[in-house]
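Down below is the structure, laid out as structure tokens.
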Amino acid sequence: MLIFSILTAAVAPGISLLTYLYLRDKYDAEPIHMVARMFVLGLLIVIPIMVIQRGLEIWLGDYTGVFIFLESAGVEEFVKWFVLLHVIYNHTEFDEPYDGIVYAASISLGFATMENVLYAIYSPASFATLLGRALLPVSGHALFGIMMGYYFGKAKFAPAIKTRRLLAISMLLPFALHAIYDWIIISIGSNYLWFMVPFMAVLWVWSLRKINSANSRSPFRFMSREDEVKL
Numbered sequence: 001m002l003i004f005s006i007l008t009a010a011v012a013p014g015i016s017l018l019t020y021l022y023l024r025d026k027y028d029a030e031p032i033h034m035v036a037r038m039f040v041l042g043l044l045i046v047i048p049i050m051v052i053q054r055g056l057e058i059w060l061g062d063y064t065g066v067f068i069f070l071e072s073a074g075v076e077e078f079v080k081w082f083v084l085l086h087v088i089y090n091h092t093e094f095d096e097p098y099d100g101i102v103y104a105a106s107i108s109l110g111f112a113t114m115e116n117v118l119y120a121i122y123s124p125a126s127f128a129t130l131l132g133r134a135l136l137p138v139s140g141h142a143l144f145g146i147m148m149g150y151y152f153g154k155a156k157f158a159p160a161i162k163t164r165r166l167l168a169i170s171m172l173l174p175f176a177l178h179a180i181y182d183w184i185i186i187s188i189g190s191n192y193l194w195f196m197v198p199f200m201a202v203l204w205v206w207s208l209r210k211i212n213s214a215n216s217r218s219p220f221r222f223m224s225r226e227d228e229v230k231l
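Shown next as structure tokens:
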């Protein structure tokens, strides 16, 4: 019973955040099976990411800077970005800017959920510890995913001349935010919350604005529900 409670606490934050972001799609909600597919891909990429990270640690050494910028932020955000680009970017269901946020958040929260489950299994994790992880690592990955997905959505529907620049931003911005997040936790020490709380607050406000902006550019916003069904 205890292990069930702990695993539930590990999984619930990711599912809750994904549900929230899914329901924020005001005009043309994505098929559940597509969202679930990206979430499962997020679960599955944890293993190859761990293998790559371990290989880089053996090759380059266990240095803080290498860990923050390459092994953690670099590898994790690049793999998520790479999967999104090759699996969903050209899919027919990706038909409005907000879809980028939904799919990027799905893979990010799948990844964060599997991380949480592994942490719960292999580390002595209490409910309070997992609640703390819900407020920081899980929501952090959600916010990085929102930023990635926002610029994926812009790139998808932008003129061709702007596409590469927007795709580059969709990779580099989450990488930079993830690196700052890791640097605060690792480098500042026990007082990291004094910096982390305002950083996360700014990220949440920024992300909510991106969500509203993406919804406002939906091609379906002027269509009636009957017209959407006909599509």
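Mapping to this note's numbering: the sequence shown position 43 is 43, numbers consecutive.
The C-beta atom is built at its ideal place from N, Cα and C for all residues, glycine as well.
Problem - Every unbroken alpha helix (DSSP H) within the region 46-95, with a cutoff of 4 residues, ordered by chain - result: Entirely contained in the region 46-95, the alpha helix (DSSP H) runs reaching 4 residues are, in chain order, 46-60 and 73-87.
Handout entry: Contact check, phenylalanine 144 vs glycine 100, beta carbons under 8 Å
Key = For phenylalanine 144 and glycine 100, no; Cβs fall outside 8 Å.
Practice task
Alpha carbon to alpha carbon, how far is asparagine 116 from alanine 10? Give it in angstroms, no decimals.
Solution key: Using only the alpha carbons, I get a separation of about 5 Å.
Practice task
Could you check what DSSP says for isoleucine 156 in three-state terms: helix, strand or coil?
Solution key: Sequence inspection shows lysine at residue 156; the isoleucine mentioned does not correspond to that position. Residue state, collapsed to three classes: helix.
Exercise for the section: Say yes only if the C-beta of glutamine 53 is nearer than 7 Å to one or more non-hydrogen atoms of the ligand ATP, and no if none qualify. Expected result: In terms of ligand content, the structure shown is empty, and the ligand ATP therefore cannot be addressed.
Handout entry: Alpha-carbon spacing of alanine 36 relative to tyrosine 103, whole angstroms
Key = Using only the alpha carbons, I get a separation of about 9 Å.
Practice task
Taking glycine 65 as the reference, give the member of Ser216, Phe199, Glu30 and Ile184 with the closest Cα.
Solution key: Here the closest residue by C-alpha is Ile184.
Problem - Close beta carbons around glycine 140, own chain, < 6 Å, minus the five adjacent residues each side - result: Around glycine 140: Tyr181.
Handout entry: Per-residue DSSP class, three states only, for glutamate 115
Key = Correct three-state label for glutamate 115: helix.
Practice task
For threonine 113, count neighbouring C-beta atoms within 10 Å of its own C-beta (all shown protein chains included) and say buried if the count is 16 or more, exposed if not.
Solution key: Looking at its Cβ environment, which holds 16 or more other Cβ atoms inside 10 Å, threonine 113 is buried.
Exercise for the section: Return yes when the Cβ of isoleucine 45 is within less than 8 Å of the Cβ of valine 75, no when it is not. Expected result: Against a cut-off of 8 Å, the Cβ pair of isoleucine 45 and valine 75 comes out as no contact.
Exercise for the section: Use the C-beta contact count for tryptophan 194: other C-beta atoms within 10 angstroms, 16 or more gives buried, fewer gives exposed. Expected result: That one is exposed.
Problem - asparagine 212 versus valine 202 - alpha carbon distance - result: Here the alpha carbon of asparagine 212 sits roughly 16 Å from the alpha carbon of valine 202.
Handout entry: Close-in-space but distant-in-sequence residues of the same chain around arginine 217 (CB under 6 Å, 5 per side omitted)
Key = If we look at arginine 217 and ignore the five residues flanking it on each side, its Cβ neighbours are Pro97.
Practice task
Report yes if the CB atom of methionine 38 is closer than 8 Å to the CB atom of isoleucine 107, and no otherwise.
Solution key: Contact: yes.
Handout entry: Simplified DSSP assignment, three categories, for proline 137
Key = Correct three-state label for proline 137: helix.
Handout entry: Close-in-space but distant-in-sequence residues of the same chain around arginine 221 (CB under 7 Å, 5 per side omitted)
Key = Residues of the same chain with a CB within less than 7 Å of the CB of arginine 221, apart from the 5 flanking positions on each side, are Tyr27 in chain order.
Problem - Residue span of the alpha helix (DSSP H) that contains phenylalanine 199, given as start and end - result: DSSP places phenylalanine 199 in the uninterrupted alpha helix (DSSP H) bounded by 193-216.
Practice task
Mind reading off the beta-carbon distance from alanine 179 to isoleucine 49? Whole number of angstroms is fine, and I expect it under 8 Å.
Solution key: Not quite, the Cβ-Cβ distance comes to about 16 Å (not below 8 Å), so this is no contact.
Exercise for the section: Following the continuous alpha helix (DSSP H) through glycine 42, name the residue where it begins and the one where it ends. Expected result: Segment 32-44, the alpha helix (DSSP H) holding glycine 42.
Exercise for the section: Go ahead and pull the three-state DSSP assignment for proline 219. Expected result: Three-state result, proline 219: coil.
Handout entry: Residue burial classification, phenylalanine 82 (beta-carbon count within 10 angstroms, cutoff 16)
Key = Residue burial annotation: phenylalanine 82 is exposed, with fewer than 16 other C-beta atoms found within 10 angstroms of its C-beta.
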